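Below is one structure, written out as structure tokens; the observations come after it.
Residue numbers (full-length UniProt numbering): 1 to 281.
Structure, rendered in structure tokens:
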């Protein structure tokens, strides 16, 4: 999947360099999916759609030539298989975009959200490209990006509760939720007690990495301002939901599993509680 995002999308994006786009990953009974959306200009939409579809089809055909993916999940438990273990057909298909208007605050809200979808997709792809080139890894970006989201949309007093709820949501499908949550909590406190470095200082020391984190913070700030100024439905409740959705979507684009997300949320929650990580207001 990373190969399709870093290499497979290159030609498709070149056909429409000025068009907003975004992607997400998901798994269902049919296997692994990469969903890519382009907002094309009306006058060139048919020509560009044909060219983009062909480019994506060619990218799928190049999958057998892809290099080995060295990425491993942050968390794994025996018996947990996040990816299908059997071979499934590879294909490319068109589909109409169905915006989740109500989730993001109505017609005005979804337009604001889609602008962030584009930014987060572009930033996530840049992170994956940097990782593939031997730069900072997505693991090192995960907590700074989550922390930025938290600081932008969630008041200080509610951040730990938000993270606990976020973690519980992604573990809710497991019969072992209590055991997993306790295991995450114990491990988080162990890392804190060991004075482990949780936010890599290299993120700020490396110019490219710092620029990506700054772009993310800038995009979040602009998104919040746009909601406050233009979305009549904007409220504390919507802000909480937006933080949840946007945090998950960035993690998804980076290729983090929901188990990884749950672990990172617990780790960030305990780090904030202990003062190891200091969040701004």
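By construction, the Cβ of each residue, glycine as well, lies at the ideal position given by its N, Cα and C atoms.
A quick note: this is a predicted structure, and the numbers were derived from the prediction, not measured.
If you count every other CB in all the chains shown that lies within 10 Å of the CB of residue i, and 16 or more means buried, which is it?
i	result
residue 242	buried
residue 72	exposed
residue 2	buried
residue 267	buried
residue 69	exposed
residue 105	buried
residue 148	buried
residue 136	buried
residue 8	buried
residue 250	buried
residue 179	exposed
residue 10	exposed
residue 122	buried
Hey, how far is the Cα of residue i from the Cα of residue j?
i	j	result
residue 85	residue 256	Any reading at residue 85 must be qualified, since the residue scores a pLDDT of 47, below 50, and its modelled position is unreliable; the value itself is stated next. About 18 Å.
residue 227	residue 177	35 Å
residue 117	residue 22	6 Å
residue 276	residue 198	8 Å
residue 254	residue 274	27 Å
residue 59	residue 4	7 Å
residue 206	residue 120	20 Å
residue 217	residue 100	24 Å
residue 244	residue 166	7 Å
residue 160	residue 151	12 Å
residue 30	residue 193	44 Å
residue 14	residue 238	35 Å
residue 219	residue 182	34 Å
residue 90	residue 20	26 Å
Quick one: grab the DSSP three-state call for residue i.
i	result
residue 21	strand
residue 36	strand
residue 154	coil
residue 234	coil
residue 272	helix
residue 27	strand
residue 41	coil
residue 283	Here the chain covers residues 1 to 281 and nothing more, so residue 283 does not appear.
residue 206	coil
residue 1	coil
residue 277	coil
residue 94	coil
Taking Cβ positions, are residue i and residue j nearer each other than 8 Å?
i	j	result
residue 48	residue 39	no
residue 270	residue 154	no
residue 6	residue 115	no
residue 260	residue 75	yes
residue 12	residue 55	yes
residue 189	residue 262	no
Should residue i be counted as a contact of the ligand COA given a C-beta to heavy atom distance under 7 Å?
i	result
residue 178	Annotation note on the ligand COA: not contained in the displayed structure, which lists no ligands.
Please determine if the region 107-116 and the region 207-214 are in contact, where contact requires at least 3 C-beta pairs separated by less than 8 Å. no
Does the region 199-207 come close enough to the region 136-152 to have 3 or more Cβ pairs within less than 8 Å? yes
Pairing CB atoms from the region 117-131 with CB atoms from the region 230-240, are three or more of them under 8 Å? no
The region 169-176 / the region 51-71 touching (three or more Cβ pairs under 8 Å): no
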